[in-house]
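Below is one structure, written out as structure tokens, with a few remarks after it.
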Amino acid sequence: MEKYNNNPSIAQKEEWARVQSELKLKLIETDALNFTKIVNGENIVEFRGLNYIGGVDLSFIENHEEDAIATLVVLKYPSLEVIYENFSSVKLKIPYMTGFLAFREVTPLLDLLQILKQRNPDIFPQVIIVDGNGILHPRRFGFASHLGVLANVPTIGVGKNFLQIDDGENLTMAHVKKAAREKLKKGGDTYLLQGQSGMIWGAAVRSLDSTTNPIFVSIGHRISLETSIQVVLKCCRYRVPEPTRQADLRSREYIRRGQKAKIT
DNA sequence: GCGACAG
DNA sequence: ATCTTGTCGC
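Residue numbering for the first sequence follows this note's numbering, beginning at 5 and increasing consecutively.
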């Protein structure tokens, strides 16, 4: 019986941090896309040549820490209809730890991307929206960046909850929540998460007029923050952008179907 | 000891 | 991440 590693050592975490620093050397924080952005006036943005946006997510089976379904969806842009979905049942070997999410979840998603690239390269996503932060991360290399670098694909990190950045940057939960409340008055409003050092980590974004809680957008890989925000906003029919929302909905439905089949 | 803690 | 129905509001 394989033992589930439930308590990574300090040494293990240091090793993971070294891997993150190493991979970060390949990180690109500007637009390196295969579509173009056209800006007409102040707030009107158009993406020319953007056809396919990816969404990825993992869902878990009840209380099982280790049994998950990894999901990749591809949506047509700008209609946001789902044109591809694929699932993979995985047994995760590493527990969730703040700051090291990628080590737990990235492998099955890389596998799904590889399968799509082999079987259906013409609909391979031109940018992927990831459930989890990009450079809004203690070492500026979160899950979305990790996936982007390893797959060499543009990625955008979108967090539903804020991950506090310490180290004197003053990007604390209290500070950010207060600022977000004050500055995000309507759908499309954004608030830059800039630390004391002047460094920008990401943005709090209000998806819609009808939603109060912001989402937290950050650069994943090969895309600027400004473009990331614009892409995310074009994908928001609800608080969470459609690619990640569809990946989440469909992976949970997939699990429900599986559970039902067991009983029947 | 206390607070914080992406998914 | 996940356990969970109804309910208030546009």
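In this text, a Cβ means the ideal position worked out from N, Cα and C, and glycines have one as well.
Item: Please go through the same chain and pick out, in chain order, the residues whose beta-carbon is closer than 8 Å to the beta-carbon of T40, but skip the five residues on each side of it.; Value: F51, R52 and G53
Item: How big is the Cα-Cα spacing for L175 and L76?; Value: 32 Å
Item: Taking all protein chains shown into account, decide if G262 is buried (16 or more other Cβ within 10 angstroms of its Cβ) or exposed.; Value: exposed
Item: May I have a chain-ordered list of the beta strand (DSSP E) segments no shorter than 3 residues that lie completely inside the segment 64-148?; Value: 71-80, 86-95 and 131-135
Item: Excluding sequence positions up to five away, which residues of its chain have a Cβ less than 8 Å from the Cβ of E70?; Value: Y8, K95, L96 and K97
Item: Just list the alpha helix (DSSP H) runs in the segment 165-220, keeping only unbroken ones of 4 residues or longer that don't cross its boundaries, in chain order.; Value: 177-187
Item: Tell me the rounded alpha-carbon separation between F145 and S214.; Value: 32 Å
Item: Do V134 and L151 come within 8 Å of each other at the CB atom, strictly closer than that value?; Value: yes
Item: Could you name the residues that DSSP lists as bridge partners for Y242?; Value: BP columns for Y242 are empty, so no partner.
Item: Quick one: what's G161 bridged to in DSSP?; Value: V134 and S222
Item: Residues in its own chain within less than 8 Å of V244 by CB, not counting five upstream and five downstream?; Value: V162, K164, S211, I219 and D252
Item: Just the C-alpha distance for D126 and N55, rounded to the nearest angstrom, thanks.; Value: 10 Å
Item: Starting from E19, follow the alpha helix (DSSP H) in both directions and report where the run begins and ends.; Value: I14 to K28
Item: With H, G and I counted as helix, E and B as strand and the rest as coil, what does DSSP make of T40?; Value: strand
Item: Which residue comes first and which comes last in the beta strand (DSSP E) that contains E50?; Value: I48 to R52
Item: Apart from the five residues on each side of it in sequence, which residues of its chain come closer than 6 Å, Cβ to Cβ, to F107?; Value: W20 and I98
Item: By DSSP, does G262 sit in helix, in strand, or in coil?; Value: helix
Item: Looking at C-alpha atoms only, which residue of Y242, Q122 and V180 is the closest neighbour of K191?; Value: Per the sequence shown, the amino acid found at residue 191 is Gly instead of Lys. Checked all of Y242, Q122 and V180; the closest Cα to G191 is Y242.
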